[in-house]
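Beneath this line is the structure, given in structure tokens, with notes to follow.
10 protein chains.
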Amino acid sequence: MIGKEIQPFVAQAFKPTAQGKGEFVEVTDGDVRGNWAVFFFYPADFTFVCPTELEDLAEQYDTLKGMGVEVYSVSTDTHFSHKAWHETSEKIAKIKFPMLGDQNHTIANNFGVLREGQGLADRATFVVDPDGVIQVMEITSEGVGRNATELVRKIKAAQYVRANPGQVCPAKWEEGDDTLAPSLDLVGKI
Amino acid sequence: MIGKEIQPFVAQAFKPTAQGKGEFVEVTDGDVRGNWAVFFFYPADFTFVCPTELEDLAEQYDTLKGMGVEVYSVSTDTHFSHKAWHETSEKIAKIKFPMLGDQNHTIANNFGVLREGQGLADRATFVVDPDGVIQVMEITSEGVGRNATELVRKIKAAQYVRANPGQVCPAKWEEGDDTLAPSLDLVGKI
Amino acid sequence: MIGKEIQPFVAQAFKPTAQGKGEFVEVTDGDVRGNWAVFFFYPADFTFVCPTELEDLAEQYDTLKGMGVEVYSVSTDTHFSHKAWHETSEKIAKIKFPMLGDQNHTIANNFGVLREGQGLADRATFVVDPDGVIQVMEITSEGVGRNATELVRKIKAAQYVRANPGQVCPAKWEEGDDTLAPSLDLVGKI
Amino acid sequence: MIGKEIQPFVAQAFKPTAQGKGEFVEVTDGDVRGNWAVFFFYPADFTFVCPTELEDLAEQYDTLKGMGVEVYSVSTDTHFSHKAWHETSEKIAKIKFPMLGDQNHTIANNFGVLREGQGLADRATFVVDPDGVIQVMEITSEGVGRNATELVRKIKAAQYVRANPGQVCPAKWEEGDDTLAPSLDLVGKI
Amino acid sequence: MIGKEIQPFVAQAFKPTAQGKGEFVEVTDGDVRGNWAVFFFYPADFTFVCPTELEDLAEQYDTLKGMGVEVYSVSTDTHFSHKAWHETSEKIAKIKFPMLGDQNHTIANNFGVLREGQGLADRATFVVDPDGVIQVMEITSEGVGRNATELVRKIKAAQYVRANPGQVCPAKWEEGDDTLAPSLDLVGKI
Amino acid sequence: MIGKEIQPFVAQAFKPTAQGKGEFVEVTDGDVRGNWAVFFFYPADFTFVCPTELEDLAEQYDTLKGMGVEVYSVSTDTHFSHKAWHETSEKIAKIKFPMLGDQNHTIANNFGVLREGQGLADRATFVVDPDGVIQVMEITSEGVGRNATELVRKIKAAQYVRANPGQVCPAKWEEGDDTLAPSLDLVGKI
Amino acid sequence: MIGKEIQPFVAQAFKPTAQGKGEFVEVTDGDVRGNWAVFFFYPADFTFVCPTELEDLAEQYDTLKGMGVEVYSVSTDTHFSHKAWHETSEKIAKIKFPMLGDQNHTIANNFGVLREGQGLADRATFVVDPDGVIQVMEITSEGVGRNATELVRKIKAAQYVRANPGQVCPAKWEEGDDTLAPSLDLVGKI
Amino acid sequence: MIGKEIQPFVAQAFKPTAQGKGEFVEVTDGDVRGNWAVFFFYPADFTFVCPTELEDLAEQYDTLKGMGVEVYSVSTDTHFSHKAWHETSEKIAKIKFPMLGDQNHTIANNFGVLREGQGLADRATFVVDPDGVIQVMEITSEGVGRNATELVRKIKAAQYVRANPGQVCPAKWEEGDDTLAPSLDLVGKI
Amino acid sequence: MIGKEIQPFVAQAFKPTAQGKGEFVEVTDGDVRGNWAVFFFYPADFTFVCPTELEDLAEQYDTLKGMGVEVYSVSTDTHFSHKAWHETSEKIAKIKFPMLGDQNHTIANNFGVLREGQGLADRATFVVDPDGVIQVMEITSEGVGRNATELVRKIKAAQYVRANPGQVCPAKWEEGDDTLAPSLDLVGKI
Amino acid sequence: MIGKEIQPFVAQAFKPTAQGKGEFVEVTDGDVRGNWAVFFFYPADFTFVCPTELEDLAEQYDTLKGMGVEVYSVSTDTHFSHKAWHETSEKIAKIKFPMLGDQNHTIANNFGVLREGQGLADRATFVVDPDGVIQVMEITSEGVGRNATELVRKIKAAQYVRANPGQVCPAKWEEGDDTLAPSLDLVGKI
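Residue numbers (the UniProt record's numbering), protein chains in the order written: chain R, 1 to 190; chain L, 1 to 190; chain S, 1 to 190; chain C, 1 to 190; chain G, 1 to 190; chain P, 1 to 190; chain W, 1 to 190; chain Z, 1 to 190; chain A, 1 to 190; chain E, 1 to 190.
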């Protein structure tokens, strides 16, 4: 998937303003291009691991917005269901990013994360650059929670590499750490 | 990929004992089953991000062995090349896990991470459980380094879930944190 | 569809006992056979016409149970979503029949009522006899509500015909009205 | 079928003026468009349930005409046979709408109601709007009579929804009853 | 078609005893074998040339029965329609042979006489011998009446040839006329 | 075949003037159009039933010419063979119409009367109208002679129907007999 | 064709005894095997070059019989036609070998000599040995007569070679001439 | 093959002037057209029957040239081999016509005389007219020599027929013999 | 080709004993196995570079026989042609190994060296080990002569490697030179 | 392969200037055309026979450059690996020609030398002329070293033939030796 462009989609989303408040908006692949984006898939509204992960992500949303990154959560529930969940769950109520309804399975299929025979999406994260190209992906099995802090670290590295052609970020790189400039002289020297 | 079983392969590997020392061994999918395993793909020997990531992983190798996890690094170089790199690079010299030669592209294709038209593997990590089933995966684009500490965290969560059926690990779960036991009463309550 | 047998399916359902209370059960085509059944499809939880129709049906549920008829409501939402809706909607809280989660679209496809490109089911009703054979069907477009009283009338006629081979029920037949016994002498005489 | 446009057909019909009197006319899909229409399929002339249903419908014909709805009865008999039946049956003699001859099975196939291996149509009703789009459908098995009053109720609801965009009719809606205007605030509140 | 065996069919027939009286019987290809048979196709009940032809045939029915020949009239109308026609038409009321309902088009297709795009049979006659093999066929276009006397003449010739192997009947042969015994000496001599 | 146009062919024919005298001419489907025509197939020159039938037809040739009908006899023999037969057989010597050589089997195949595996034509007659459309056909099995008088009767009826649109000829119709004008009022009245 | 075995066929033949006398016999490929045979194809009975060639061959028939060779003439005419020709032609009357009727084109097709689009055989001769294998073939275009004397010369050479393995017959070899015994020493010496 | 045009080919040939002397020339199908030609195939240089046949043909070469006929001998040997054979064999040294090298098998395949699985041509002769159309062909099995005198006779007949349209040559025709002019009056008279 | 087994073939060969003397023998792939073999392809007998190469090889034949190696020269000429060439060429007369006739192109195709569209083999050499496996191959374009001394050197190396598993021969290795025993310690050390 | 043009490729190469020094350059098929070129394939960097062959070739590089010949070594290792090998091996350090990285297998596949199932190239040499056409090829099995001196000899012969059309080089030809001018008079004389 890495290096592939995202495919076309049209989805109805619930974009919250306050708990259970907000509006229904249409989101397409066209809206995604031009900015960094995170697609954050999870299996189902009203379930168990998902809200902790979504809350974790909601808490990083201001940071991500500050980095120029939009976040889209996606499940195969409808936008009606997302709205209802937002209204009734304290954790989910923290969300301010658009929650996409993918009951037609288009987006989950586009990213290759629809669980065969279940009608539910994997617990998968994709980082998409402003050209619509996937730069980072991660999937964990049922029951293993993700880590929004590590996600932020990886997006920062991807942004740094895009902004500084010719530089690469070593393992565990954090903002401010040294980077490397590949050259023939470095071959076999690291 | 999550939930799929690994496919058959046969590879020559360099298994180091000391810098540039060690032996050439054959590794197959049969050797992998029965224990937890990490497949750690990288593009090419003698390049730039890879050695920092491999060093980072080498430093966690004792921890991982203690958790019952074997590590396999994989690139499309030969085992001869791996041996030569191990001998000449200080960082790589720290590696004690088997370095698989995939110059025939079988393993990279099995895991779907061969970069089309380049003959190189993605920067991809797969965690495989003792049944040969992929539980966690992660890919970053060229230039974005991975984080072995986060990898250890996720493997611990996956091991916990396997050991404790009926429990799930929330976001950012670390060993010792609370877990959740899904039930009808919890529906919509988290 | 009339005269066709229902096809295999496996679904998770929420079977309510009190508002937002109940249990998650698995329902299959095997559970359906042996009794009369109504499959009552609707587009989505938390929407507008549907709850009035479901309430209308809920009010006939005791009558239908008395006639030996089980009711299954079906949408492409999950059983988690059904449970949440049951908990928060007064009208839905009246439901006591199993609410099937069809997020994998199997049942809607089996009955040919998945709206192409939307991932939602039609507003469709099917009456299935104890042999699993569809006897009556009805679909209305978005915004046109169904009528549970008329549904009860048609099920009674279908049950009468099954119980009295050789008899047929004329238009608008209500329980107790005369029926007809087709014979060569009646040809062209009605 | 709901939401699909009707397909092309050409048929010979008997259009009665008095018992066994009238004319033979050609009816095509082009004649149908521009007005609301009911296609009322039945298995065969000179049989048993059909005449009661056709009489029931004939009695609503003035009402339906007043609502701007044309009615077409259809069986796989010829228009010659329709004319002969109209002449000899008291119930059928009440019909004033065109009786289409579909001995070539085109129309029954178009609507998907030809009984496989029998050469007879199902007992099926379709309501078609002025754009030629099917809005309501209903099929009952052999021996179960339909109800023209309920048909009128559903057409009224469909006409109301078409005339009042943004309004929907709840279950059992009768002319004059309240309707609903869907909005985000109503989500999960009905 | 000549020399081909008839294909399987199952049909409902009206077998008259008196005007509009009689019974509904099932007729299959199995009933046909063992005796000589005539299949007499015509386009539609209640039309114009057909009744004169059917009356003509009805008048030869005793003769044909005396020769061991059963007659089957066939149109794409139902057996219900045949019964109604028998009741209301003086000419048709003379018929005593089974009138087959072929509304499913099976028999007309078997004999290759279904008019494409019309759902009606050709005006076709087939003589079938006791082995189910077609010996004589004749088709006339719309509006050209057949001749039952000539049909009887041809069946007599066919029966003579079957009964007298080695003999052939010259043109216009009538019962009692001379026949020919082919031999090498006759080659070129007739 | 009825209602189908004849297909293209080119054939060498023997057109007799006196016994064994005449000329070889080419006949094509183009020569046939514009007049009524009879195609009279038979199995083989120098055989047994054929000459009696051909003689019978030869005796009606003046009548047919007077009606504007051309006659073509056809077998899979060559025109050389036809000429030789005409010279040596008294019956055949009466023929004055073109005898077509179809040793390439084109014409017999066009009319669907080539006996599979024998290379011989059926004993088949086709009446073709001036538009090249087949109006009447008849086939008898080996050994059953045809009747040219009945053929004349049928051609007269076909010509009458073509000349008098809206009129049809009842069974056994002879020139001068009454015909019928179909109308709605006659439906079911004959 | 040389070196290929003849293919199966069944044909009706006229086997003459005196002018226009004889019998009709069935000849198959099985009758051919076990003896030397000549298949002598020609276009059509009653034509021009053919009878001179057939007469030429008829005059060599005793010689050929004496050499153990059977002769079969073949055209696409019937055996009836052959009989009639034998009766009326003085040259053909000399024939005593079987004249095969190939109106079904099987034999001409087997030997690859059916003229495309004509239904006539080439002017072709085939010599077949007792194993059914073709040893000599010759075809001349329309209008060029063959030479039975040369045919006899070639059959004698072929019989000599079969009888004397290791010997070959030089050009223009006549019975009694020297033959050659190929050997390595003769290579390049002739 | 008779009546077919020759197909394209390009070949290297040895065209002798004196024993083992001459030149290498390219010969194509284009060179053949415009004159009569003989293609004289034989299996292999330096073998046994072939040189006697080639010598026989060489002795007729002046006669054939006088008749306007070019001769081409063809085997699957190279032109180098032909030159070497011409130099070392007394019989072959008499040849003055072009000897074509067909080591690529094109010409032998074009004429259908390549022996399957052997890479050698049949002992085959083809006479081609100035339009490139094959008029006469002959093949003899291994060991049976051909006869150049009979070949000359047949070419003369073919040339006579081409020069005198409407005339045909009877069997064994020699230059100066009578020919026949086919006409209807001759049908069955020869 | 290297590492592939030779494919089946059957060929006629000239095996010389003295100039132009010898015998014709059949050689198959079965004869090749069990010993080392050289297949020495060349374009054509009686040409230019080939004889110098064949003479060069003939002079090494005793050496090669001493090493247990059989030699087979192959061209698309026949064995007759090989014999004739051996008789007339001084250089070729030195040959004592079998000269295979491949006029059917089987062997040249097996080894992939038939020049497309020419019917001639490449100037190609193959060394085959006793298991029938190709160990060395070499092809030069038209006009570039090969070198039998270098061929002998390579065969010796191949024989050494087969005889001494675990040893390899460095560049330009001559009998008696040092060889190398690959080991992990040598990796990257040469 | 001989006579075929090279196919398109794009490769990264290490072009050394001093031990482990140099630059990374892109090499394409376009760079190859216009000069003579050698493609020198070998299995893998850091192995055993390869370095002796590459050293042998490196020692001939000045000679080859003087002849206008560029050399490209190719293995399925990356250019990074080539650089590392050059730095650490004394023999390889002598190389001054571009070392192509073919980890994507394109070039090895183009020349047909990728070992199936191993991902390594054969030990193969190709000489390509300035038109990009392969003139000489050679492959040896694992363990058999090549000989750069013989390679130089063959390139000189190929260059001589290209420079002197009409001349060919006999076996073992060395610069300055006599060449041959093929002519008809030489046929069979060498």
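Backbone N, C-alpha and C define an ideal beta-carbon position, used for all residues, glycine too.
Quick check on residue i: buried or exposed, where buried means 16 or more other Cβ atoms within 10 Å of its Cβ?
{"i": "G:Gly188", "result": "buried"}
{"i": "L:Lys156", "result": "buried"}
{"i": "Z:Glu23", "result": "exposed"}
{"i": "residue 213 of chain W", "result": "Any question about residue 213 of chain W goes unanswered here, given that chain W covers just 1 to 190."}
{"i": "A:Val71", "result": "buried"}
{"i": "P:Asp178", "result": "exposed"}
{"i": "E:Glu53", "result": "buried"}
Can you tell me where the alpha helix (DSSP H) with residue i in it begins and where it stops?
{"i": "A:Leu39", "result": "Position check: residue 39 of chain A holds Phe in this sequence, whereas Leu was assumed. It is not in any alpha helix (DSSP H) - A:Phe39 instead sits in the beta strand (DSSP E) that spans 36-41."}
{"i": "E:Glu59", "result": "49-59"}
{"i": "W:Phe80", "result": "79-88"}
{"i": "R:Glu150", "result": "148-163"}
Kindly indicate the opening and closing residues of the beta strand (DSSP E) around residue i.
{"i": "L:Ile24", "result": "Looking at the sequence provided, one finds Phe at residue 24 of chain L rather than Ile. L:Phe24 -> beta strand (DSSP E) spans 22-28."}
{"i": "S:Lys15", "result": "10-16"}
{"i": "Z:Met137", "result": "134-140"}
{"i": "E:Glu70", "result": "69-75"}
Using only CA atoms, which one of the options lies nearest to residue i?
{"i": "R:Tyr160", "options": "R:Asn110, R:Ala44, R:Asp129", "result": "R:Asp129"}
{"i": "G:Asp56", "options": "G:Ala11, G:Glu90, G:Asn35", "result": "G:Glu90"}
{"i": "S:Glu175", "options": "S:Phe48, S:Arg153, S:Val168, S:Arg162", "result": "S:Arg153"}
{"i": "Z:Ser73", "options": "Z:Leu100, Z:Ile92, Z:Phe14, Z:Asp131", "result": "Z:Leu100"}
{"i": "P:His105", "options": "P:Phe97, P:Leu114, P:Pro98", "result": "P:Leu114"}
{"i": "A:Lys65", "options": "A:Asp45, A:Phe97, A:Ala93, A:Asp77", "result": "A:Phe97"}
{"i": "R:Ala163", "options": "L:Gly166, L:Phe14, L:Asp29, L:Val144", "result": "L:Val144"}
Could you please tell me which residues of the UniProt domain "Thioredoxin" (1-160) of chain S, in chain order, have their CB closer than 8 Å to any CB of chain L?
Gly22, Glu23, Phe24, Phe80, Lys83, Ala84, Glu87
Within the stretch 89-123 of chain E, ranges of the alpha helix (DSSP H) (whole runs, at least 4 residues)
106-110
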